[in-house]
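Numbering (this note's numbering), first residue to last: 1 to 156. To keep things clear, I will list the structure first and then write my remarks on it.
Encoded structure:
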């Protein structure tokens, strides 16, 4: 998957995932600006901005674009991410029910448990999140957990 993403350097919609997964912040930021300039849809711009802001754990930036994200699982996902960042863990947990994709829900639950200091539960949810996604998202999840929660990737 990494080779595929590297070859996508001319496809910013995919290449930004590679840059974020590998913590190439300056390049990802520049590419984000290009994507925002490319798309005129406020919803599309908001999703890219929220995706990058979530990767940077910048809750203020996510909050700034939340109103432009259409109601649904992505909005619920980013609303929960903001709540986690602000320490409103139980509110965030209740919002996870609105997230239909299991890997997204498990990713949020992992962050909630990490914030509570329950590392083993966080690892279990992270493992479920990583195993439940495919393709580019699996690669991004792998790289993120490799950096932040490597135990989640250990084969048991």
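C-beta: ideal position from N, C-alpha, C; glycine also. Here the structure is a predicted model, which is why all the values come from computation and not from measurement.
Is the CB-CB distance between residue i and residue j below 8 Å?
i, j, result
"residue 54", "residue 78", "yes"
"residue 61", "residue 49", "yes"
"residue 126", "residue 103", "no"
"residue 35", "residue 27", "no"
"residue 92", "residue 73", "no"
Please classify residue i as buried or exposed, where buried requires at least 16 neighbouring CB atoms within 10 angstroms.
i, result
"residue 96", "buried"
"residue 106", "buried"
"residue 43", "exposed"
By Cβ distance below 8 Å, which residues in the same chain neighbour residue i in space, the five residues on each side in sequence not counted?
i, result
"residue 63", "82"
"residue 13", "35"
"residue 66", "46, 50, 75, 78, 79, 82"
Using a Cβ-Cβ cut-off of 7 Å (strictly less than) and excluding sequence neighbours within five positions of residue i, which residues of its own chain qualify?
i, result
"residue 111", "84"
"residue 114", "122"
"residue 151", "123"
Legend entry - Runs of alpha helix (DSSP H) wholly within the segment 51 to 139 (minimum 4 residues, chain order): 59 to 65, 73 to 85, 89 to 95, 102 to 116, 119 to 132
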